[in-house]
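First residue of the sequence shown? That's 10 in our numbering, and the numbers climb one at a time after it. Below you'll find the structure, written out as structure tokens, and then a few comments.
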Amino acid sequence: MKTIFMTGVAGMIGSHLLDVLLDRGYHVIGLDNFAYGSIENIKHNIPNPQFEFIEGDIMDEGLMHSIALRSDAIIHLAAVKKISDRESSMPTLTVNTRGTEIVLQAAKQKKIKVVFASTSDVYGMSPDLPLNENGDLLLGPSMIKRWSYAVSKLYGEQLCFAYYQDFKLPVVVLRYFGAFSPRSSFSWSGGHIPIFIRQILNDEEVTIHGDGSQTRSMGFVTDLVKGTVLALENEQAIGQLINLGNDEEMSVLDSAKLIHRISGSNKPLKIKFIPMAELFGTYKDIMRRIPDLRKAKEILGYQPSVKLEEAVVHTIQSIRNSQ
10 MKTIFMTGVA GMIGSHLLDV LLDRGYHVIG LDNFAYGSIE NIKHNIPNPQ FEFIEGDIMD
70 EGLMHSIALR SDAIIHLAAV KKISDRESSM PTLTVNTRGT EIVLQAAKQK KIKVVFASTS
130 DVYGMSPDLP LNENGDLLLG PSMIKRWSYA VSKLYGEQLC FAYYQDFKLP VVVLRYFGAF
190 SPRSSFSWSG GHIPIFIRQI LNDEEVTIHG DGSQTRSMGF VTDLVKGTVL ALENEQAIGQ
250 LINLGNDEEM SVLDSAKLIH RISGSNKPLK IKFIPMAELF GTYKDIMRRI PDLRKAKEIL
310 GYQPSVKLEE AVVHTIQSIR NSQ
């Protein structure tokens, strides 16, 4: 039985991934400091003898090295995501760069496999759609703090490939596109779909940045989990950069209308459009985001299976059942 060390285990993706890994017979050592994750997401697995939870931080080098020595692979999900220009960039820049380096250093002791969770944000404003792993990246000016998350994750990708090339460390870099579930953070760190679901179910104004014409490809968390497990177990994935997500594209405004229809609300949809400049200053929002999934299909046999509408239905039903 292999032991998997997972950082960010109590987050939305991590907790669902934990469910699947335990079902597949793995022993999992999960680390989280609850900056974003929640004990509620993993409490049903705490009694499982194949799960060992450690409350701790990836910046603790001694802890990271000691756990890695007991592990056969690392899935690195923990990260800080900066949300607005009102927040400091330092936690994002520090944790996502130095933290990833600590993970790689810990893995290097035994040369164990590392699956690194990157983000579609690194594509920036690239006009080359669908977004392909070999395509050029287009980021905005450095003085705009909102790019700090994309830059920190891009640096993490470079670190992974440096360890792969220089130290022969087996690594896989996954660029996650947006996903959600009933365990999402229902704040902006969880993306617009969970926020809209909460607002519509509570009969609140749906806050849309800009005019809502920007598009996203949002999927259900089970598709990201499936792709991550495939990357973990597939030796052909080593040394590769792979997109994961759903290639179903929908505008932000249309997604609000979809959620309102699915909710069955008999009240009108209330939308509040907020000018981009009011929120993000001179930051330019990414107008379209859709992944090219051909590489994931060819190397991993990956295929997203949950449509956006189905995912919204499940999430709303789950929320209502828990109330």
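Where a beta carbon is used, it is the ideal one built from N, C-alpha and C, also for glycine.
So residue i and residue j are supposed to be a Cβ contact under 8 Å. How far apart are they, rounded?
{"i": "Ile-268", "j": "His-218", "result": "Contact doesn't hold; Cβ gap of about 16 Å is too wide."}
{"i": "His-85", "j": "Thr-109", "result": "7 Å"}
{"i": "Ile-51", "j": "Val-18", "result": "6 Å"}
{"i": "Asn-4", "j": "Asp-66", "result": "The displayed coordinates of the chain run from 10 to 332. Any statement about residue 4 would go beyond what the structure contains."}
{"i": "Ser-157", "j": "Ser-194", "result": "Contact flag wrong, Cβ pair sits at about 19 Å."}
{"i": "Val-78", "j": "Gln-118", "result": "In the sequence on display, residue 78 carries Leu and not Val. Contact flag correct, Cβ pair sits at about 6 Å."}
{"i": "Leu-183", "j": "Ile-299", "result": "Incorrect: roughly 17 Å between the Cβ atoms, too far for contact."}
{"i": "Glu-214", "j": "Ile-271", "result": "So it is not a contact: roughly 18 Å between Cβ atoms."}
{"i": "Ile-295", "j": "Gly-133", "result": "7 Å"}
{"i": "Glu-258", "j": "Thr-224", "result": "5 Å"}
{"i": "Ser-274", "j": "Ile-209", "result": "6 Å"}
{"i": "Pro-191", "j": "Ser-327", "result": "4 Å"}
{"i": "Val-89", "j": "Thr-101", "result": "5 Å"}
Less than 9 Å between the C-beta atoms of residue i and residue j, yes or no?
{"i": "Gly-39", "j": "Glu-61", "result": "yes"}
{"i": "Ile-121", "j": "Met-15", "result": "no"}
{"i": "Leu-239", "j": "Leu-309", "result": "yes"}
{"i": "Ile-251", "j": "Lys-316", "result": "no"}
{"i": "Gly-254", "j": "Ser-161", "result": "no"}
{"i": "Ala-188", "j": "Leu-233", "result": "yes"}
{"i": "Ile-13", "j": "Tyr-35", "result": "yes"}
{"i": "Gly-248", "j": "Val-181", "result": "yes"}
{"i": "Ala-126", "j": "Ile-22", "result": "yes"}
{"i": "Gly-20", "j": "Ala-87", "result": "yes"}
{"i": "Thr-216", "j": "Ile-206", "result": "no"}
{"i": "Ser-226", "j": "Ser-260", "result": "no"}
{"i": "Asp-212", "j": "Lys-281", "result": "no"}
{"i": "Leu-113", "j": "Val-123", "result": "yes"}
{"i": "Lys-177", "j": "Lys-91", "result": "no"}
{"i": "Ile-76", "j": "Ala-44", "result": "no"}
{"i": "Asp-256", "j": "Asn-141", "result": "no"}
{"i": "Lys-235", "j": "Ser-314", "result": "yes"}
{"i": "Gly-149", "j": "Ser-135", "result": "no"}
{"i": "Met-285", "j": "Lys-293", "result": "yes"}
Going by DSSP, which residues form a beta bridge with residue i?
{"i": "Lys-122", "result": "Ala-82"}
{"i": "Ile-251", "result": "Leu-183"}
{"i": "Leu-140", "result": "Pro-300"}
{"i": "Thr-128", "result": "Tyr-185"}
Helix, strand or coil: which one does DSSP assign to residue i?
{"i": "Pro-100", "result": "helix"}
{"i": "Ile-153", "result": "coil"}
{"i": "Gly-133", "result": "strand"}
{"i": "Leu-146", "result": "coil"}
{"i": "Ser-75", "result": "helix"}
{"i": "Val-315", "result": "coil"}
{"i": "Arg-95", "result": "coil"}
{"i": "Lys-90", "result": "coil"}
{"i": "Gln-332", "result": "coil"}
{"i": "Asn-243", "result": "coil"}
So with Cβ pairs under 9 Å, would you call residue i a contact of chain C?
{"i": "Asp-263", "result": "Absence of chain C from the displayed structure is noted, only one protein chain being present."}
(request) Within the stretch 10 to 68, note down every full beta strand (DSSP E) run reaching 3 residues or more, in order along the chain. (result) Within the stretch 10 to 68, the complete beta strand (DSSP E) runs of at least 3 residues are 12 to 16, 36 to 41 and 60 to 64.
(request) Could you pull out every unbroken alpha helix (DSSP H) segment of at least 4 residues lying fully inside the stretch 148 to 234, listed in chain order? (result) 157 to 176 and 201 to 210
(message) Restricting to runs no shorter than 3 residues, where is the beta strand (DSSP E) found entirely within the stretch 253 to 309?
(response) For the stretch 253 to 309, the full-length beta strand (DSSP E) segments reaching 3 residues or more read 280 to 283 along the chain.
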